[in-house]
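The opening residue of the sequence shown carries number 1 in our numbering; numbering runs sequentially from there. No residue lacks a Cβ here, since even glycine has one placed at the ideal position from N, Cα and C. Quick caveat: nothing in here was measured; it's all calculated off a predicted structure.
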Amino acid sequence: MNAFPSLGPGELRRALHPLGSPPPGEPYNRDELHGILPDDLVPTQAAVLVGIVARDAVPRVLLTLRTDGLRHHAGQVSFPGGRMEAGDDGPLGAATREAWEEIGLASALVEPLGYLDPMLTITGFRVMPVVAWIDPAFMPHPDPGEVADVFEVPLVELLASGNLRSVDLHFGGRPRRVFEYVGPGANGRRIWGATALILHNLAQRLDHTRWEQA
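Following this line, the structure appears as C-alpha coordinates:
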(Lines of atoms letter the chains of each structure in order from A and count residues from 1; the text may use other names and numbers.)
(Lines give C-alpha, C1' and ligand atoms only; values in the text may rest on other atoms or scores of the structure.)
Protein backbone atom coordinates (compact mmCIF):
# COMPACT_ATOMS: atom_id res chain seq x y z
CA MET A 1 0.00 0.00 0.00
CA ASN A 2 1.50 3.32 -1.09
CA ALA A 3 -0.73 6.04 0.31
CA PHE A 4 -0.24 9.56 1.61
CA PRO A 5 -3.31 9.78 3.84
CA SER A 6 -2.83 13.20 5.47
CA LEU A 7 -1.03 15.64 3.23
CA GLY A 8 -1.11 19.23 4.37
CA PRO A 9 1.13 22.27 3.90
CA GLY A 10 3.48 21.26 6.72
CA GLU A 11 4.27 17.79 5.41
CA LEU A 12 4.62 19.05 1.87
CA ARG A 13 6.99 21.83 2.97
CA ARG A 14 9.28 19.35 4.76
CA ALA A 15 9.67 17.36 1.52
CA LEU A 16 10.70 20.36 -0.61
CA HIS A 17 13.72 22.56 -1.20
CA PRO A 18 13.21 25.75 0.83
CA LEU A 19 11.85 28.84 -0.87
CA GLY A 20 14.98 30.85 -0.11
CA SER A 21 17.23 28.32 -1.85
CA PRO A 22 16.10 27.22 -5.32
CA PRO A 23 18.18 24.11 -6.11
CA PRO A 24 21.06 24.96 -8.47
CA GLY A 25 22.84 22.80 -10.97
CA GLU A 26 21.89 20.42 -13.73
CA PRO A 27 18.35 19.07 -14.10
CA TYR A 28 18.17 15.67 -12.45
CA ASN A 29 16.90 13.96 -15.62
CA ARG A 30 19.44 15.41 -18.06
CA ASP A 31 21.18 12.07 -18.63
CA GLU A 32 17.89 10.56 -19.79
CA LEU A 33 17.83 13.05 -22.68
CA HIS A 34 21.42 12.41 -23.78
CA GLY A 35 21.44 11.88 -27.53
CA ILE A 36 18.06 13.57 -27.90
CA LEU A 37 19.08 17.08 -26.88
CA PRO A 38 22.54 18.54 -27.74
CA ASP A 39 25.15 18.04 -25.02
CA ASP A 40 26.04 21.74 -25.22
CA LEU A 41 22.43 22.88 -24.91
CA VAL A 42 21.88 25.95 -22.73
CA PRO A 43 18.31 25.35 -21.50
CA THR A 44 15.70 28.08 -21.37
CA GLN A 45 14.86 28.84 -17.74
CA ALA A 46 11.21 28.19 -16.84
CA ALA A 47 8.99 27.60 -13.83
CA VAL A 48 5.63 25.96 -13.17
CA LEU A 49 3.20 26.18 -10.27
CA VAL A 50 2.21 22.86 -8.71
CA GLY A 51 -0.89 24.24 -7.01
CA ILE A 52 -2.73 22.20 -4.36
CA VAL A 53 -6.17 23.25 -3.15
CA ALA A 54 -8.17 21.55 -0.39
CA ARG A 55 -11.83 21.17 -1.29
CA ASP A 56 -14.05 19.33 1.21
CA ALA A 57 -10.85 18.50 3.15
CA VAL A 58 -9.39 16.68 0.11
CA PRO A 59 -6.12 18.14 -1.29
CA ARG A 60 -6.43 18.36 -5.05
CA VAL A 61 -3.88 19.30 -7.72
CA LEU A 62 -4.68 22.08 -10.19
CA LEU A 63 -3.96 21.06 -13.79
CA THR A 64 -4.56 22.69 -17.14
CA LEU A 65 -5.26 21.39 -20.61
CA ARG A 66 -3.24 23.44 -23.08
CA THR A 67 -4.87 24.67 -26.27
CA ASP A 68 -4.03 22.97 -29.55
CA GLY A 69 -2.47 26.07 -31.11
CA LEU A 70 0.47 26.54 -28.74
CA ARG A 71 4.05 26.18 -29.94
CA HIS A 72 5.19 23.83 -27.15
CA HIS A 73 3.26 20.87 -25.67
CA ALA A 74 0.03 21.79 -27.47
CA GLY A 75 -3.05 19.88 -26.33
CA GLN A 76 -1.25 18.36 -23.33
CA VAL A 77 -2.05 18.40 -19.64
CA SER A 78 0.34 20.65 -17.76
CA PHE A 79 0.86 22.86 -14.75
CA PRO A 80 0.49 26.63 -15.17
CA GLY A 81 3.89 28.03 -16.06
CA GLY A 82 6.34 29.12 -18.70
CA ARG A 83 9.69 30.72 -19.37
CA MET A 84 11.21 33.10 -16.86
CA GLU A 85 11.26 36.77 -17.87
CA ALA A 86 13.64 39.56 -16.94
CA GLY A 87 11.19 41.20 -14.55
CA ASP A 88 10.39 38.02 -12.60
CA ASP A 89 11.54 37.62 -9.01
CA GLY A 90 13.17 34.25 -9.64
CA PRO A 91 11.27 31.03 -10.37
CA LEU A 92 8.63 31.79 -7.74
CA GLY A 93 7.85 35.10 -9.41
CA ALA A 94 7.69 33.45 -12.83
CA ALA A 95 5.40 30.64 -11.64
CA THR A 96 2.94 32.97 -9.89
CA ARG A 97 2.92 35.41 -12.83
CA GLU A 98 2.18 32.63 -15.29
CA ALA A 99 -0.55 31.22 -13.05
CA TRP A 100 -2.21 34.65 -12.99
CA GLU A 101 -1.93 35.05 -16.76
CA GLU A 102 -3.08 31.52 -17.63
CA ILE A 103 -5.82 30.74 -15.11
CA GLY A 104 -6.45 33.99 -13.18
CA LEU A 105 -4.85 32.77 -9.93
CA ALA A 106 -4.07 35.87 -7.85
CA SER A 107 -0.87 35.76 -5.77
CA ALA A 108 -2.90 36.68 -2.66
CA LEU A 109 -4.48 33.22 -2.85
CA VAL A 110 -1.12 31.42 -3.10
CA GLU A 111 0.93 30.12 -0.16
CA PRO A 112 4.28 29.02 -1.66
CA LEU A 113 5.76 25.99 0.11
CA GLY A 114 9.02 25.22 -1.68
CA TYR A 115 10.68 23.74 -4.77
CA LEU A 116 10.91 20.32 -6.31
CA ASP A 117 14.04 19.29 -8.21
CA PRO A 118 14.76 21.08 -11.50
CA MET A 119 14.00 19.00 -14.56
CA LEU A 120 14.66 19.24 -18.30
CA THR A 121 11.98 18.98 -20.96
CA ILE A 122 12.42 17.52 -24.41
CA THR A 123 11.78 21.03 -25.77
CA GLY A 124 14.88 22.37 -24.01
CA PHE A 125 13.41 24.05 -20.91
CA ARG A 126 14.99 23.77 -17.46
CA VAL A 127 11.84 23.77 -15.35
CA MET A 128 11.74 24.70 -11.68
CA PRO A 129 8.49 23.38 -10.11
CA VAL A 130 7.12 25.56 -7.30
CA VAL A 131 4.71 23.77 -4.95
CA ALA A 132 2.05 25.99 -3.38
CA TRP A 133 -1.08 25.69 -1.24
CA ILE A 134 -4.04 27.45 -2.86
CA ASP A 135 -6.92 29.15 -1.09
CA PRO A 136 -10.12 27.16 -1.81
CA ALA A 137 -11.84 30.45 -2.67
CA PHE A 138 -9.99 30.31 -6.00
CA MET A 139 -12.15 29.90 -9.07
CA PRO A 140 -10.29 29.55 -12.39
CA HIS A 141 -10.62 32.05 -15.22
CA PRO A 142 -8.54 30.49 -18.01
CA ASP A 143 -6.99 32.48 -20.83
CA PRO A 144 -8.64 30.92 -23.91
CA GLY A 145 -5.53 31.57 -25.98
CA GLU A 146 -3.46 29.23 -23.80
CA VAL A 147 -5.74 27.08 -21.66
CA ALA A 148 -8.61 24.96 -22.94
CA ASP A 149 -9.64 23.70 -19.50
CA VAL A 150 -8.69 23.76 -15.80
CA PHE A 151 -9.41 20.68 -13.69
CA GLU A 152 -8.42 19.08 -10.39
CA VAL A 153 -7.32 15.58 -9.41
CA PRO A 154 -6.97 14.34 -5.80
CA LEU A 155 -3.32 14.55 -4.78
CA VAL A 156 -3.31 11.15 -3.07
CA GLU A 157 -4.61 9.56 -6.26
CA LEU A 158 -1.91 11.19 -8.39
CA LEU A 159 0.85 10.00 -6.05
CA ALA A 160 -0.32 6.39 -5.61
CA SER A 161 2.31 4.05 -7.03
CA GLY A 162 -0.23 1.99 -8.94
CA ASN A 163 -1.47 5.08 -10.76
CA LEU A 164 1.89 6.48 -11.88
CA ARG A 165 3.84 4.15 -14.15
CA SER A 166 6.85 4.37 -16.42
CA VAL A 167 6.49 3.65 -20.13
CA ASP A 168 9.34 2.73 -22.47
CA LEU A 169 9.29 4.20 -25.96
CA HIS A 170 11.68 5.13 -28.76
CA PHE A 171 12.40 8.73 -29.61
CA GLY A 172 15.15 10.04 -31.87
CA GLY A 173 16.38 6.50 -32.52
CA ARG A 174 16.99 5.60 -28.89
CA PRO A 175 14.94 4.19 -26.01
CA ARG A 176 13.45 6.64 -23.57
CA ARG A 177 11.44 6.26 -20.38
CA VAL A 178 8.48 8.54 -19.69
CA PHE A 179 5.96 8.58 -16.87
CA GLU A 180 2.22 8.37 -17.30
CA TYR A 181 -0.71 8.64 -14.88
CA VAL A 182 -3.25 5.85 -15.32
CA GLY A 183 -5.77 6.54 -12.54
CA PRO A 184 -9.41 7.52 -13.02
CA GLY A 185 -9.35 11.10 -11.74
CA ALA A 186 -8.32 12.77 -15.00
CA ASN A 187 -11.61 11.84 -16.70
CA GLY A 188 -9.92 10.51 -19.82
CA ARG A 189 -7.26 13.22 -20.12
CA ARG A 190 -3.75 11.85 -20.56
CA ILE A 191 -1.29 13.05 -17.90
CA TRP A 192 2.19 12.08 -19.04
CA GLY A 193 5.66 13.38 -19.92
CA ALA A 194 6.98 16.37 -17.99
CA THR A 195 3.81 16.75 -15.90
CA ALA A 196 3.85 13.12 -14.75
CA LEU A 197 7.61 13.34 -14.13
CA ILE A 198 7.06 16.30 -11.79
CA LEU A 199 4.40 14.30 -9.92
CA HIS A 200 6.80 11.35 -9.69
CA ASN A 201 9.48 13.64 -8.23
CA LEU A 202 6.99 14.89 -5.62
CA ALA A 203 6.04 11.32 -4.70
CA GLN A 204 9.71 10.36 -4.35
CA ARG A 205 10.52 13.34 -2.13
CA LEU A 206 7.50 12.70 0.11
CA ASP A 207 8.38 9.02 0.42
CA HIS A 208 12.00 9.87 1.27
CA THR A 209 10.84 12.31 3.94
CA ARG A 210 8.65 9.63 5.53
CA TRP A 211 11.55 7.18 5.68
CA GLU A 212 13.72 9.83 7.35
CA GLN A 213 11.05 10.39 10.00
CA ALA A 214 10.37 6.68 10.62
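- Message: Quick check on Glu11: does DSSP put it in helix, strand or coil?
- Response: Helix at Glu11.
- Query: For the ligand HEM, is there a heavy atom less than 7 Å away from the beta-carbon of Gly93?
  - Reply: By its list of ligands, the structure shown contains no ligand whatsoever, and the ligand HEM lies outside what it can speak to.
- Message: Could you compute how far the alpha carbon of Asp168 sits from the alpha carbon of Gly104?
- Response: 36 Å
- Locate the alpha helix (DSSP H) running through Ile103, then write down its first and last residues. For Ile103, the enclosing alpha helix (DSSP H) stretches over residues Gly90 to Ile103.
- Message: Is it the case that the stretch 22-29 contacts the stretch 94-109, given that we only count it when at least three CB pairs across the two stretches are under 8 Å?
- Response: no
- Task: Could you name the residues that DSSP lists as bridge partners for Leu120?
- Result: Arg126
- Message: Measuring alpha carbon to alpha carbon, tell me which residue in Val130, Asn201, Ile191 and Ile122 is nearest Thr44.
- Response: Ile122
- Message: What ranges does the alpha helix (DSSP H) occupy inside the stretch 130-213, keeping only unbroken runs of at least 4 residues that lie completely in it?
- Response: Counting only runs of 4 or more, we get 155-159 and 193-213.
- Message: Contact between the stretch 198-207 and the stretch 9-20 is defined here as three or more beta-carbon pairs at a separation below 8 Å; is this criterion met?
- Response: yes
- Task: Report buried or exposed for Met128, applying the criterion of at least 16 other Cβ atoms within 10 angstroms of its Cβ.
- Result: buried
- Item | Spatial distance of Pro38 from Ser161 (CA atoms) | 32 Å
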